[in-house]
DNA sequence: GTCTATAAGGCGATAGAC
DNA sequence: GTCTATCGCCTTATAGAC
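Chains as they are written, first to last, in this note's numbering: chain A, 1 to 212; chain B, 1001 to 1212.
What follows is the structure in structure tokens.
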């Protein structure tokens, strides 16, 4: 892994980060195919050809954006979960995980939206580079939800698989409608608390149940 | 509206529909900018230039796909809601609406995924053409959720705005992970019942509440 | 209605000067 | 490290034959 380490040090360069940020911003707004290298270069005050000193191709540039996206999300979630007591139950865990995921995708929306919007419409080889990191993150969610199913922390008959996918949908969709210019960190907190509350307790008045 | 009527009759042509279907399929998988007219034409056994007999531009082709997408969704939802009793309450209405929306987006996923994936990364003029239809559909959801807030069918403190956006996220995200080759209509029914159940009752065991 | 041919321009990527 | 210049290819769209 010496190659990766060397690469990582090189990539810490200032210009490299500026290019990556500009690419993420444009990919998120116009899509991978809708963004030209000329446009990215222009955003950092360069000519298109000069980018090739920092990146070997447009595809690799996208790979880096996808990779950084998942790294940002998972590390933020882990940091939120680490704040919990060791004996924290399922409800606390779910709330912290939702909070972390939303903080990440709404704070670094250039990266996460670039990932969400373009995933599935780029060459398979491009998003395969970040597949392991994605699998790791998914496994974290699978893990604590499966445990909740086993211990009865989740109501009988609730499919943990569909629960995870529904929570992901509600969260990720927020990156589509959330406007970081109009909203702030307090709004992110509000959305996180709302979603945890809804998925745990539902929206019906206390004591009422429907269809179970 | 004579122009539109004439246009609509012309558009009922068989070739027109084949082109529209091929465009939706490719736009959904590769994105608007990642799909060429040559590729669309090839899918219906034509040369790229020949498409211009049926469509005046690639942008108009996309507009038609977006428009058909929202029409399919709203009409399916209305049809599901129409099956309900007139005195049906909020829970029945939400369940029927979720069911209709999921049937539509998972059955016609070429159209709806083309819409979801490309919305926001295409020229503003393109999706403005279907904005009125989208607003109508959104207003339908706003309407019955606001009424539920007023009548107390929704628990005190639950923000109807965030509820609607969360339900939309969970549903629309399903079009990303649902595989219509591996799954069937019974699975769509299962997902719809699950999501209605979760948003109404939550996932905690009966009688348990967290954080309220 | 569909074809072929082509116009006019943008694309990713490379080479060599500085 | 960044520039200019350029290659070869692909794109949307049009014109005219059939």
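Where a beta carbon is used, it is the ideal one built from N, C-alpha and C, also for glycine.
> Is residue 1135 (chain B) buried or exposed, if buried means 16 or more other CB atoms sit within 10 Å of its CB?
Replying inline: exposed
> Taking the C-alpha atoms as reference points, what is the distance between residue 1105 (chain B) and residue 1175 (chain B)?
Replying inline: 6 Å
> Interface residues of chain B around residue 33 (chain A) at Cβ under 7 Å?
Replying inline: Neighbours of residue 33 (chain A) on chain B, chain order: 1031, 1033 and 1034.
>> Cβ closer than 8 Å: which chain A residues qualify as neighbours of residue 1168 (chain B)?
In response: 173
> If you measure from the beta carbon of residue 1043 (chain B) to each beta carbon in chain A, is any gap under 7 Å?
Replying inline: no
> Which term fits residue 2 (chain A), buried or exposed, when burial requires 16 or more other beta carbons within 10 angstroms of its beta carbon?
Replying inline: At residue 2 (chain A), the pLDDT of 41 sits below 50, so the modelled position is not reliable; the number obtained from the coordinates is stated separately. Its Cβ having fewer than 16 others within 10 Å, residue 2 (chain A) is exposed.
>> Only counting the same chain, and skipping five residues up and downstream in sequence, which positions put a Cβ closer than 6 Å to that of residue 1164 (chain B)?
In response: 1141 and 1145
>> Does the structure place the region 1043-1056 of chain B close enough to the region 1111-1118 of chain B that three or more beta carbon pairs sit under 8 Å?
In response: no
>> Contact between the region 1193-1203 of chain B and the region 198-212 of chain A is defined here as three or more beta-carbon pairs at a separation below 8 Å; is this criterion met?
In response: Flag = yes, the region 1193-1203 of chain B and the region 198-212 of chain A touch.
> What three-state label does DSSP hand residue 214 (chain A) in the structure shown?
Replying inline: Chain A is shown from 1 up to 212; residue 214 (chain A) falls before or after that span and cannot be answered.
> Residue range of the alpha helix (DSSP H) that residue 970 (chain B) falls in?
Replying inline: Past the boundaries of the shown model lies residue 970 (chain B); chain B is included only from 1001 to 1212, so the question cannot be answered.
> residue 1211 (chain B): buried (16+ other C-beta within 10 angstroms of its C-beta) or exposed?
Replying inline: exposed
> Can you list, in chain order, the residues of the region 74-94 of chain A whose Cβ is nearer than 7 Å to any Cβ on chain B?
Replying inline: Within the region 74-94 of chain A, 91 place their CB atoms closer than 7 Å to a CB of chain B, listed in sequence order.
> Does residue 60 (chain A) have its Cβ less than 7 Å from a Cβ in chain B?
Replying inline: no
> Leaving out five residues before and five after residue 61 (chain A) in sequence, what residues of the same chain have Cβ atoms less than 6 Å from its Cβ?
Replying inline: 23 and 55
> Comparing the C-beta of residue 16 (chain A) with each C-beta of chain B, is any distance below 7 Å?
Replying inline: no
> Going by beta carbon distance, what residues of the same chain come within less than 6 Å of residue 1084 (chain B), once the five residues before and after it are set aside?
Replying inline: 1092 and 1096
> chain B partners of residue 159 (chain A), CB-CB under 7 Å?
Replying inline: Ordered by position in chain B, the residues that pass the 7 Å Cβ test against residue 159 (chain A) are 1194.
> Does any residue of chain B bring its CB to less than 7 Å from the CB of residue 53 (chain A)?
Replying inline: no
>> Given this structure, state the Cα-to-Cα distance separating residue 82 (chain A) from residue 119 (chain A), to the nearest angstrom.
In response: Between residue 82 (chain A) and residue 119 (chain A), the C-alpha separation is close to 29 Å.
> Is DSSP giving residue 1024 (chain B) helix, strand or coil here?
Replying inline: Residue 1024 (chain B) falls in the helix class under three-state DSSP.
>> With a threshold of 7 Å between beta carbons, is residue 1144 (chain B) in contact with chain A?
In response: no
>> So, with DSSP's three-state summary, where would you put residue 57 (chain A)?
In response: coil
> Taking just the CA atoms, how far does residue 1019 (chain B) sit from residue 1191 (chain B)?
Replying inline: 31 Å
>> If the criterion is Cβ atoms closer than 7 Å, does the pair residue 1153 (chain B) and residue 1090 (chain B) meet it?
In response: yes
> Is it the case that the Cβ atoms of residue 53 (chain A) and residue 122 (chain A) are separated by a distance below 7 Å?
Replying inline: no
> With residue 129 (chain A) and residue 71 (chain A) assumed to form a contact (beta carbons below 8 Å), what rounded beta-carbon distance in angstroms separates them?
Replying inline: About 12 Å separates the two Cβ atoms, so there is no contact after all.
> Nearest chain B C-beta to residue 49 (chain A) closer than 7 Å, yes or no?
Replying inline: no
>> My output table needs one value for residue 1146 (chain B): the three-state DSSP class, helix, strand or coil.
In response: helix
> Using DSSP with H/G/I as helix, E/B as strand and the rest coil, what is residue 1099 (chain B)?
Replying inline: The answer is helix: DSSP assigns residue 1099 (chain B) an H, G or I state.
>> Rounded to the nearest angstrom, what separates residue 1004 (chain B) and residue 14 (chain A) at their Cα positions?
In response: Its pLDDT being 48, under 50, residue 1004 (chain B) is placed unreliably by the model, and nothing is read from it.
>> So if I threshold CB-CB distances at 9 Å, which residues from the region 119-131 of chain A count as touching chain B?
In response: 119, 120, 121 and 122
> Taking residue 1193 (chain B) as the reference, which of B:1151, B:1149 and B:1094 has the closest Cα?
Replying inline: B:1094
> What did DSSP end up calling residue 1166 (chain B) once you bin it into helix, strand or coil?
Replying inline: helix
> Can you list, in chain order, the residues of its chain whose CB lies under 7 Å from that of residue 1188 (chain B), leaving out five sequence neighbours each side?
Replying inline: 1102, 1103 and 1106
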